[in-house]
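Asker: Sequence order for the protein chains is A and B. So the first sequence is residues 244 to 604, counted in my numbering. So the second sequence is residues 828 to 1356, counted in my numbering. Where is the CB? At the ideal position from N, CA and C, for every residue including glycine.
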Amino acid sequence: MSDNAHTDAMPADGLAAMVRRGLDDSLRFVVPIAIAFAVGAVLLLAIGENPLETYGLMFSEAFSSQRRFAATLSAATPLLFTAVATAICFRTGVFNVGVDGAFILGGLAAATFGVMLPMSIGWWIIPLSILAAMLVAAFWLWIPGVLLARLDVDEVVSTLMLNFVALGIAGFLVNGVLLSETSGNNTTETIHSTAELSRLLPPSTLHSGFLLGLACVFAYALWSSWTPAGFEAKLVGLNKRFARAVGISIPSTIIVVMVISGLVAGLGGASHALGQVHKFSDGFSAGYGFTGMAVALLARNSALGIVFGAILFGALASAGTTIQLFSDIPLDIVNVIEGTVMIFAVVELGKLTLWRKGKRP
Amino acid sequence: MSPEHPRTDRSVSTRIGARDISRNYGLVQANNGVSFNVTPGQIHAVVGENGAGKSTLMRILQGLEKPDSGTVILNDDPVQLRDPQQAIRLGIGMVHQEFMLAPELTLLENLVLGDEPMRTIAGPIAIVDWKKALTEARALEKRAGVAIDWDRPTATAPVHIQQYVEILRLLRRGNDVLILDEPTAVLAPQQVSKLIALLKQLRDQGASIIFISHKLHEVVALADHVTIMRRGKAVASASVDELDIAAMTRHIMGDAPADPSEQARAAVVLPDARRILRVEGLCAVTLDRSQALDNISMDVFQGEIVGIAGVAGNGQEELMECLAGLRPMSSGSISLNGAELAGKENMDFRRAGIGYVSPDRAHEGLARLASIADNVMAGSQHAPAFLKGPFRNLPAVGRAARQRLADLDVRYGALSDPVSSLSGGNQQKLVFARERASKPQVLIVSQPTRGVDLNGIAAIHAILKRHCEGGGCVVLASEELDELIALCDRILVLSEGRMVGAVRNEDATPETIGKLMLASGDGLEIAHV
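(1) To which residues does DSSP link residue 905 of chain B through a beta bridge?
(2) Within a Cβ cutoff of 7 Å, which residues of the same chain sit near residue 1235 of chain B, ignoring the five residues on either side of it in sequence?
(3) Hey, does residue 1206 of chain B have any beta-carbon neighbour from chain A nearer than 8 Å?
(4) Count the other C-beta atoms from every protein chain shown that fall within 10 angstroms of the C-beta of residue 1148 of chain B, then say buried if there are 16 or more, exposed otherwise.
(5) So residue 538 of chain A and residue 322 of chain A are supposed to be a Cβ contact under 8 Å. How far apart are they, rounded?
(6) Using the C-alpha atoms, what's the distance from residue 547 of chain A back to residue 609 of chain A?
(7) Let me know if residue 270 of chain A comes out buried or exposed under the rule of 16 or more other beta-carbons within 10 Å of its beta-carbon.
(8) Rounding to the nearest angstrom, what Cα-Cα distance links residue 1145 of chain B and residue 1232 of chain B in this structure?
(9) Beta-carbon within less than 6 Å of residue 583 of chain A's beta-carbon, same chain only, minus the 5 sequence neighbours each way: which residues are those?
(10) Can you pull the chain A neighbours of residue 1217 of chain B, defined as C-beta to C-beta under 7 Å?
(11) Work out the CA separation of residue 560 of chain A and residue 572 of chain A for me, nearest whole Å.
(12) Would you call residue 605 of chain A buried or exposed, if buried means 16 or more other Cβ atoms sit within 10 Å of its Cβ?
(13) Between which two residues does the alpha helix (DSSP H) carrying residue 382 of chain A extend?
(14) Could you please give the first and the last residue of the uninterrupted beta strand (DSSP E) stretch that includes residue 852 of chain B?
(15) Give me the DSSP bridge partner(s) of residue 430 of chain A.
(16) Tell me the rounded alpha-carbon separation between residue 410 of chain A and residue 341 of chain A.
(17) Does any residue of chain A bring its CB to less than 8 Å from the CB of residue 1193 of chain B?
(18) With DSSP as the reference, label residue 339 of chain A as helix, strand or coil.
(19) Would you call the region 402-417 of chain A and the region 344-356 of chain A in contact, with 3 or more CB pairs under 8 Å?
(20) Taking only the alpha-carbon atoms, compute the straight-line gap between residue 1021 of chain B and residue 996 of chain B and give it to the nearest angstrom.
(21) Go to residue 1319 of chain B, then tell me how far its beta strand (DSSP E) extends in each direction, as first and last residue.
(22) Determine which residues of the region 470-491 of chain A have a Cβ less than 7 Å from any Cβ of chain B, and write them out in chain order.
(23) Could you tell me which chain A residues have their CB closer than 8 Å to the CB of residue 1153 of chain B, listed as they occur along the chain?
(24) For residue 1129 of chain B, tell me which candidate among B:1286, B:1101, B:1318 has the shortest Cα-Cα distance.
(25) Give me the residue from B:1057, B:1052, B:927 with the minimum Cα distance to residue 1071 of chain B.
(26) Going by C-alpha distance, which of B:967, B:1016, B:978 is nearest residue 1000 of chain B?
(27) Give me the residue from B:945, B:962, B:1065 with the minimum Cα distance to residue 954 of chain B.
(28) Enumerate, from N- to C-terminal direction, the unbroken beta strand (DSSP E) stretches of 3 or more residues contained entirely within the region 1137-1173 of chain B.
(29) For residue 244 of chain A, would you say it is in contact with chain B, using Cβ-to-Cβ distances shorter than 8 Å as the test?
(30) Can you give me the Cβ contacts of residue 892 of chain B inside the same chain, cut-off strictly under 7 Å, excluding the 5 residues immediately before and after it?
(31) In chain A, which residues lie less than 8 Å from residue 1173 of chain B when you measure between Cβ atoms?
(32) In the structure shown, what three-state DSSP assignment does residue 539 of chain A receive?
(33) In whole angstroms, what separates the C-alpha of residue 313 of chain A from that of residue 443 of chain A?
(34) Indicate whether residue 1035 of chain B and residue 1011 of chain B have their beta-carbon atoms separated by less than 8 Å.
(35) Can you list, in chain order, the residues of its chain with a C-beta nearer than 7 Å to that of residue 1337 of chain B? Leave out the 5 residues immediately preceding and following it.
(36) Secondary structure at residue 1108 of chain B, three-state DSSP: helix, strand or coil?
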């Protein structure tokens, strides 16, 4: 589950060292999850539920049949995009928390094009809608990128605030010019059927956007380990002064990764609009940007980790919904687990052992 | 000063010491059965290479670390130090290399910070008694034989004055064991002799002073007793009268061969050598607290090492950053082989043939969290040899990394290890390996041997000389005057951001350079000795 620093590993490296690192990285992935489930178990006990039973039920709800597994993958699909969009920035040391806003605006653009473009252009409607989504979202994250690179505006503040602006813009448009005349409040018209992404395993909602998401993760892995730009971004993330001293332009690196992050987030929004919901309505993103952040943190920006993490959170989401239907267990338990994972994913486990050593007499 | 403080008791034979102390970090034996004694009223130097175990021993004496075995001795009795607070209560104080003063406060405020004299005004309400603080300050000043303007904001006070305040602060709290970690690194020669006088005065009043240093001539000038550490052991401990510098060096180095680079370097510049780098009227204003540069001009010829000397903080680092293209200049010109570089970005400087070795190896010279391979290959990511189409050719990158490291004899485990696993000397050699890889004509080298052990220093000096013999040239800034004198063809001296003098190698002595370092730039003709 290593970041590219380790996939760069040269063949002459000791095998033992590589195995040790692999174990280290898997621990970093597994430990936060284990802690989160333990915290969830405490809550379940407190409300008088058997945690083992509940988790067993959730597991079978998420994975036990082809239909259920398809639902899990379907729920994981948006997370693949938002996690990659987040990881690109995090590994460059840019704390971009604005992926959710970009995802929303991308979805809005794709849904709008999916409705407005003439049917006569046939399948062209899909790439054009996707392109529009990517450009809009890329522009959206270019703004905080430039603000950070040129004016040193803190990116956490700007991207967080831009999320609200994006939500506001989308809400305004779907209640105004883009409001559907037929289907009620806060939503656009349903897109043309030619604009819909194909379903992979009907009747589940798993659609070809999932494959796009996997392709995105693959491209991210390729970019981060095998391209000069990915290497430069990593150095900027590790040490800006160092990167500058060896001749890397910090401002352009920051702007480029923000734009790439926007392109990916926009693609994710398009996939969700064209593949899953077939329109844009208020509540389009169920916090996908933030869950994607949890995935990226858990995966420590590694591509493989993102795939596992997205499936894990997809499983939690799809199992959580069904569990709520058939038992007294609230869906909020999923949010607790997600939040706890996020916190413990950023804990440096090494420091915990150091602390223990310090205490030893 | 609280009455229960252990006051200097001349009747004890060991004020502070160690008996058979061992401390391991994993497989590394940082201290291995170390014993030493400091008597009251003694200046005791502890010398040794980096990694010899000096810092570990000092950390144990301050209660920052606990020994695995052995004990700390205080006033002839074994004592278990639980934490640094206890060590301070027992009178053990440390002057760190980086001063622990708040820059925004005045010197007086810093002196009393954390232990302010209080005056009750009504019932339980008390305020700081500044009058009393000043009286105490004046008394300490007199005791130490120095003069200090106590109302001065600390940030504007010269470095050696800040150091006095650091020392006086410890005295004020009744610390009569002072541990000084390389106290002279930031001082000009004349300031060093003042510090030596101050420390001797304190010693004569009964203080025990432990003095960590790399500079053996200072040890001879200052210390009464010296303990030499090598590989975690105290290999020699004797009165300074009994050990001369040559003997100390032998103990420090062990069986290592003598260092050939310490013989002064004969000038290799030919009279008709080509001018490579020309700097004219360079000025740089600053927004931060750095020193502005004022009208600096210099030429560097092929095969030449030009030294930049100055008391720390007089513009050397800023000048080096300008020459590397990392700091914008407000006016003037920098040209390389006649091509103007002013106004260009640092990558253009690099492309034109200027390499840079940063004085801040930990934060700028290296990316500590990145692997050895990434550190030595950074900057070469666009070179066609390391690309296959749009992608990096990682096997070729790995081969080149190994080659670069082997060329400069960098000792490492695996290429994917973090660079922080290397020793200081090997880290610095790695920086040179990276910077030389693009075959720059000019190397801008700042403090290359800071925190590097003696073997590493010899290797780095050899690299610099080899670079010049191969037709390049070097601009070298160093706080080690001996290093500049040994290596440089000419030494330029900066003071307050101006160039105040230039000394040729044959005329360079610590005295001539030290005099220029302390000169103010005002109304001074540039002295071309």
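Answerer: Considering the structure as presented:
(1) Position 78 of the second sequence, counted from the first residue, corresponds to residue 905 of chain B. Answer is B:900, bridged to residue 905 of chain B.
(2) Translated into positions along the second sequence, residue 1235 of chain B becomes position 408. Correct list, in chain order: 1256, 1259, 1260, 1290.
(3) Sequence index remark: in the second sequence, residue 1206 of chain B carries index 379 (1-based). Cβ-Cβ to chain A under 8 Å: yes for residue 1206 of chain B.
(4) The count along the second sequence starts at 1 and reaches residue 1148 of chain B at position 321. Buried.
(5) Mapped onto the first sequence, residue 538 of chain A falls at position 295. Mapped onto the first sequence, residue 322 of chain A falls at position 79. At roughly 6 Å, the Cβ-Cβ gap stays under 8 Å, so residue 538 of chain A and residue 322 of chain A are in contact.
(6) As shown, chain A starts at 244 and ends at 604. That puts residue 609 of chain A outside it, with no answer to give.
(7) Taking the first residue of the first sequence as position 1, residue 270 of chain A is located at position 27. The residue is exposed, with fewer than 16 neighbouring Cβ atoms inside 10 Å.
(8) For this step, residue 1145 of chain B is matched to residue 318 along the second sequence. For this step, residue 1232 of chain B is matched to residue 405 along the second sequence. Whole-angstrom Cα-Cα distance: 29 Å.
(9) Here residue 583 of chain A is taken as the residue at index 340 of the first sequence, counted from 1. Result list for residue 583 of chain A: 279, 282, in chain order.
(10) Walking along the second sequence from the start, residue 1217 of chain B turns up at place 390. Correct list: 470.
(11) Translated into the one-based positions of the first sequence, residue 572 of chain A becomes position 329. Translated into the one-based positions of the first sequence, residue 560 of chain A becomes position 317. Between residue 572 of chain A and residue 560 of chain A, the C-alpha separation is close to 13 Å.
(12) Missing from the structure shown is residue 605 of chain A; chain A here goes from 244 to 604 and no further.
(13) Translated into positions along the first sequence, residue 382 of chain A becomes position 139. Per DSSP, residue 382 of chain A belongs to the alpha helix (DSSP H) from 368-394.
(14) Mapped onto the second sequence, residue 852 of chain B falls at position 25. Unbroken beta strand (DSSP E) run through residue 852 of chain B: 843-852.
(15) Residue 430 of chain A sits at position 187 when you count from the first residue of the first sequence. Answer is A:524.
(16) Translated into positions along the first sequence, residue 410 of chain A becomes position 167. Translated into positions along the first sequence, residue 341 of chain A becomes position 98. Between residue 410 of chain A and residue 341 of chain A, the C-alpha separation is close to 11 Å.
(17) Position 366 of the second sequence holds residue 1193 of chain B. Yes, residue 1193 of chain B counts as interfacial toward chain A.
(18) To locate residue 339 of chain A, count along the first sequence from 1; it is residue 96. Residue state, collapsed to three classes: coil.
(19) In short, these stretches touch, since the Cβ pair count reaches three.
(20) Start at 1 with the first residue of the second sequence, and residue 1021 of chain B comes out as number 194. Start at 1 with the first residue of the second sequence, and residue 996 of chain B comes out as number 169. If you take the alpha carbons of residue 1021 of chain B and residue 996 of chain B, they lie about 18 Å apart.
(21) Numbered from its first residue, the second sequence carries residue 1319 of chain B at position 492. Residue 1319 of chain B: member of the beta strand (DSSP E) spanning 1317-1322, first to last residue.
(22) 470, 471, 474, 475, 478, 481, 482, 484, 485, 487, 488, 489, 490
(23) Taking the second sequence and counting its residues from 1, one reaches residue 1153 of chain B at position 326. The contacting residues are 487, 488.
(24) In the second sequence, residue 1129 of chain B corresponds to position 302, counting from 1. For residue 1129 of chain B, the nearest C-alpha among the options comes from B:1101.
(25) The sequence position of residue 1071 of chain B within the second sequence is 244, counting from 1. Of B:1057, B:1052, B:927, the residue nearest in Cα terms is B:1052.
(26) Mapped onto the second sequence, residue 1000 of chain B falls at position 173. Of B:967, B:1016, B:978, the residue nearest in Cα terms is B:967.
(27) Working through the second sequence from its first residue, we reach residue 954 of chain B at position 127. If we check each option's Cα against that of residue 954 of chain B, B:945 comes out closest.
(28) 1158-1163
(29) Here residue 244 of chain A refers to the residue found at position 1 of the first sequence. Caution applies to residue 244 of chain A, whose pLDDT of 38 falls short of 50 and renders its modelled position unreliable; the value that the coordinates give is listed next. It does not; no Cβ of chain B falls within 8 Å.
(30) Position 65 of the second sequence holds residue 892 of chain B. Hits under 7 Å: 850, 883, 886.
(31) Position 346 of the second sequence holds residue 1173 of chain B. What residue 1173 of chain B touches in chain A: 487, 488, 490.
(32) For the purposes of this step, residue 539 of chain A is taken as residue 296 along the first sequence, with counting starting at 1. Secondary structure at residue 539 of chain A: helix, using DSSP grouped into helix, strand and coil.
(33) For the purposes of this step, residue 313 of chain A is taken as residue 70 along the first sequence, with counting starting at 1. For the purposes of this step, residue 443 of chain A is taken as residue 200 along the first sequence, with counting starting at 1. Their backbone Cα atoms lie some 9 Å apart in a straight line.
(34) Here residue 1035 of chain B refers to the residue found at position 208 of the second sequence. Here residue 1011 of chain B refers to the residue found at position 184 of the second sequence. Against a cut-off of 8 Å, the Cβ pair of residue 1011 of chain B and residue 1035 of chain B comes out as no contact.
(35) To locate residue 1337 of chain B, count along the second sequence from 1; it is residue 510. Counting only Cβ-Cβ distances below 7 Å, and skipping sequence neighbours, we find 1016, 1308.
(36) Within the second sequence, residue 1108 of chain B is the residue found at index 281, counting from 1. Strand, per DSSP.
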